[in-house]
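S.K.:
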Amino acid sequence: MNPGSEYTVTTFSSNKEDSAIKRADYKTEPPAAGQRSATIPDELAGKRVDQALAILFPDYSRSRLQQWIRDGHVTIDGSPCTGKSRVHGGETVLVYVQAQADELAFRPENIALDLIYEDQSILVVDKPAGLVVHPGSGNWSGTMLNALLQHAPANAMLPRAGIVHRLDKDTSGLLVVAKTLTAHTDLVRQMQARTVTREYAAIVHGVIGADGTVDAPLGRHPRDRKRMAIVATGKAATTHYTVVESGAGWTLLKCRLETGRTHQIRVHLSSIGHALIGDPVYKSGPVSGGLAQAARAFGRQALHAQHLQIRHPESGETMQWDSPLPDDLAELLDRLRNG
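Okay, so the sequence shown: first residue is 0 according to numbering that gives the first Met the number 0, each after it adds one.
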């Protein structure tokens with residue numbers, strides 16, 4: 000229902016025994032934005048206010064209406080009501096409609112995006128650390144998806160607004176986003192076929208002397224469902240790492256993913272005793288001295304998606320992009336090099 004239009008609401012009339020219910024149509028007043036108003040019909044006299052509202056405003060669930068009553072978002076003749084309030088007929092009820100968190104999730108928001116490439120089919124974002132990619136529990140707004148809908152409103156018609164892969168909130172770097180359904184389908188197939196190249200810069204605790212591969216299945220942690228872990232029943236996951244540079248108690252790696260499981264690099268590197276510097280969740284042992292101080296000061300996992308290569312979903316051309324280390328990671332590396 001839109002403000003300024005005429006509303007037809009179906010209500011019910013009953014006797015004291017609530018039997019012989021028959022339908023009657025009543026018209027509510029067009030409300031201001033974010034409000035719903037109606038006059039309580041005499042037939043609803045004696046009902047609790049939430050029961051009356053459920054009849055007058057069938058678009059909203061009873062539990063949602065009850066919550067609005069508890070939160071003071073419902074008034075009768077200008078005064079807040081309670082869950083025990085009953086209506087008498089003839090009163091004016093005003094409901095201040097509150098958006099649910101998941102209703103905010105797919106709304107456009109004016110959030111800056113660092114776009115390093117865009118055409119009619121795809122765009123590539125260099126995501127900063129701290130930006131959530133997709134709305135979810137605890138982060139229903141202020142996400143990259145909300146920013147995408149502001150920049151490319153047509154993406155609202157695509158699955159996940161065109162997002163085909165993700166980065167953790169505190170991981171920075173490159174993401175490709177589809178702008179058409181054809182591009183989305185093709186990019187998803189490339190991900191499934193493992194033909195997309197994704198490389199990350201990772202700074203870890205400890206000195207790694209040689210290149211290697213971690214091939215271990217990942218799934219939800221058996222006791223902490225917010226964490227991932229190596230579990231026998233998990234999904235196949237493979238991470239290749241190459242030593243780029245090392246110093247006193249640290250190593251800079253280039254990691255290449257064959258698969259893209261949640262927290263994959265973080266869990267795999269921690270499992271071999273070389274957790275990412277700054278990772279608050281996956282740690283591989285105590286650290287002391289200057290390295291511990293640098294890790295505490297950094298404040299996020301030292302991980303950056305630095306290279307992305309795909310086959311363009313329309314032209315078939317191989318395309319690739321590189322992202323330099325963000326300032327915070329570059330500064331961390333300087334501190335580590337200088338002891």
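We put the CB at the ideal spot given by N, CA and C, even for glycine.
Just so we're clear, the structure is a prediction, and the values are computed from it rather than from any experiment.
Could you tell me if N145 is buried or exposed, where buried requires 16 or more neighbouring beta carbons within 10 angstroms of its beta carbon?
M.R.: As a working mapping, residue 145 is identified with position 146 in the sequence shown. Per the 10 Å Cβ criterion, buried.
S.K.: Which residues in the same chain have their Cβ closer than 8 angstroms to the Cβ of F56, if we skip the five residues on either side of it in sequence?
M.R.: As a working note, residue 56 is residue 57 in the sequence shown. The answer, listed in chain order, is V8, R35, A37, L64 and V94.
S.K.: Chain C beta carbons: is any one of them nearer than 8 angstroms to that of R265?
M.R.: Checking the listed chains, one finds no chain C in this structure; it contains a single protein chain.
S.K.: If we count Cβ pairs, one from each stretch, closer than 8 angstroms, do we get three or more for the segment 243 to 255 versus the segment 196 to 213?
M.R.: Contact between the segment 243 to 255 and the segment 196 to 213 is present, because at least three Cβ pairs lie under 8 angstroms.
S.K.: Considering only C-alpha positions, which residue in the set R219, C80 and H239 is nearest to D210?
M.R.: Position 211 of the sequence shown holds residue 210. For the residues R219, C80 and H239, the minimum Cα distance to D210 belongs to H239.
S.K.: What are the boundary residues of the alpha helix (DSSP H) that W67 is part of?
M.R.: By 1-based counting over the sequence shown, the position of residue 67 is 68. W67 -> alpha helix (DSSP H) spans R61 to R69.
S.K.: Hey, could you find the ends of the beta strand (DSSP E) A228 is sitting in?
M.R.: Reading the sequence shown from its first residue, position 229 is the one you call residue 228. Note, A228: beta strand (DSSP E), M227 to I229.
S.K.: Would you list the residues sitting across from A37 in a DSSP beta bridge?
M.R.: Indexing the sequence shown from 1 puts residue 37 at position 38. Its beta-bridge partners are V92.
S.K.: With respect to the beta strand (DSSP E) encompassing L217, which residues constitute its N-terminal and C-terminal limits?
M.R.: Looking up residue 217 in the sequence shown gives position 218. Counting along the chain, the beta strand (DSSP E) containing L217 begins and ends at L217 to R219.
S.K.: What does the alpha-carbon distance come out to for the pair E198 and R106?
M.R.: Taking the first residue of the sequence shown as 1, we reach residue 198 at position 199. Taking the first residue of the sequence shown as 1, we reach residue 106 at position 107. Spanning the two alpha carbons is a distance of roughly 31 angstroms.
S.K.: Going by DSSP, name the residue or residues bridged to Q319.
M.R.: Stepping through the sequence shown from its first residue, residue 319 is reached at position 320. BP columns for Q319 point to Q308.
S.K.: According to the Cβ coordinates, are L157 and G88 closer than 8 angstroms?
M.R.: For the purposes of this step, residue 157 is taken as residue 158 along the sequence shown, with counting starting at 1. For the purposes of this step, residue 88 is taken as residue 89 along the sequence shown, with counting starting at 1. No, these two residues do not count as a Cβ contact at 8 angstroms.
S.K.: L148 and A155 - do their beta-carbons sit closer together than 8 angstroms?
M.R.: To locate residue 155, count along the sequence shown from 1; it is residue 156. To locate residue 148, count along the sequence shown from 1; it is residue 149. Result yes, Cβ atoms of A155 and L148 sit closer than 8 angstroms.
S.K.: Who are P79's beta bridge partners in DSSP?
M.R.: Taking the first residue of the sequence shown as 1, we reach residue 79 at position 80. Note: P79 sits in a beta bridge opposite T74.
S.K.: Identify whether R224 lies in helix, strand or coil by the three-state DSSP scheme.
M.R.: What you label residue 224 is simply residue 225 of the sequence shown in a count that begins at 1. Residue state, collapsed to three classes: coil.
S.K.: Please state the DSSP three-state secondary structure of R334.
M.R.: Against the sequence shown, residue 334 aligns to sequence position 335. Helix.
S.K.: When you compare only the Cα positions, how much space is there between A231 and I54?
M.R.: Mapped onto the sequence shown, residue 231 falls at position 232. Mapped onto the sequence shown, residue 54 falls at position 55. Rounded to whole angstroms, A231 to I54 spans 52 angstroms at the Cα level.
S.K.: Rounded to the nearest angstrom, what separates S62 and S171 at their Cα positions?
M.R.: For the purposes of this step, residue 62 is taken as residue 63 along the sequence shown, with counting starting at 1. For the purposes of this step, residue 171 is taken as residue 172 along the sequence shown, with counting starting at 1. Near 40 angstroms, if we compare the C-alpha coordinates of S171 and S62.
S.K.: What does the Cβ neighbour count give for Q119, buried or exposed, with the cut at 16 atoms within 10 Å?
M.R.: Here the question's residue 119 lines up with position 120 in the sequence shown. It is exposed - the Cβ of Q119 has fewer than 16 other Cβ atoms within 10 Å.
S.K.: Where does R193 land, buried or exposed, given buried means 16+ other C-beta within 10 angstroms?
M.R.: Here the question's residue 193 lines up with position 194 in the sequence shown. Flag for R193 reads exposed.
S.K.: Output the distance between the C-alpha atoms of Q97 and T74, rounded to the nearest integer angstrom.
M.R.: The residue you call residue 97 lines up with position 98 of the sequence shown. The residue you call residue 74 lines up with position 75 of the sequence shown. C-alpha separation (whole angstroms): 14 angstroms.
S.K.: Tell me the start and end of each unbroken alpha helix (DSSP H) in the segment 146 to 206 that is at least 4 residues and wholly inside, in chain order.
M.R.: Correct list: 180 to 192.
S.K.: Given G45, which residues of its chain have a CB within under 7 angstroms of its CB, disregarding the five upstream and five downstream residues?
M.R.: For the purposes of this step, residue 45 is identified with residue 46 of the sequence shown, where counting begins at 1. Taken in chain order, the residues that qualify are R85.
S.K.: May I ask which residues mark the beginning and end of the beta strand (DSSP E) holding D49?
M.R.: Stepping through the sequence shown from its first residue, residue 49 is reached at position 50. Taken as a continuous stretch (DSSP letters only), D49 belongs to no beta strand (DSSP E), being part of the alpha helix (DSSP H) at V48 to L55.
S.K.: Going by alpha carbons, who is nearest to M190 out of M227, L324 and R260?
M.R.: By one-based count along the sequence shown, residue 190 stands at place 191. Comparing Cα positions, the closest option is R260.
S.K.: Taking its Cβ as the centre, do 16 or more other Cβ atoms sit within 10 Å of G277, making it buried, or is it exposed?
M.R.: Position 278 of the sequence shown holds residue 277. Buried is the call here.
S.K.: Applying the 10 Å Cβ sphere with the 16-neighbour rule, what's the burial state of D49?
M.R.: For this step, residue 49 is matched to residue 50 along the sequence shown. Under this definition D49 is a buried residue.
S.K.: Within 8 angstroms, do at least three Cβ pairs link the segment 252 to 266 to the segment 127 to 139?
M.R.: No, they do not touch.
S.K.: Checking 8 angstroms against the spacing of the C-beta atoms, do V280 and A228 come in under that value?
M.R.: As a first step, residue 280 must be located in the sequence shown, where it is residue number 281. As a first step, residue 228 must be located in the sequence shown, where it is residue number 229. No.
S.K.: How far does the beta strand (DSSP E) with I121 in it extend, from its first residue to its last?
M.R.: Within the sequence shown, numbered from 1, the residue matching residue 121 stands at position 122. Counting along the chain, the beta strand (DSSP E) containing I121 begins and ends at I121 to K126.
S.K.: In this structure, does DSSP put R255 in helix, strand or coil?
M.R.: As a first step, residue 255 is located in the sequence shown; it is residue number 256 there, counting from the start. In this structure, R255 counts as strand in the three-state DSSP scheme.
S.K.: Does DSSP classify S366 as helix, strand or coil?
M.R.: Residue 366 is absent from the structure shown; the chain starts at 0 and stops at 338.
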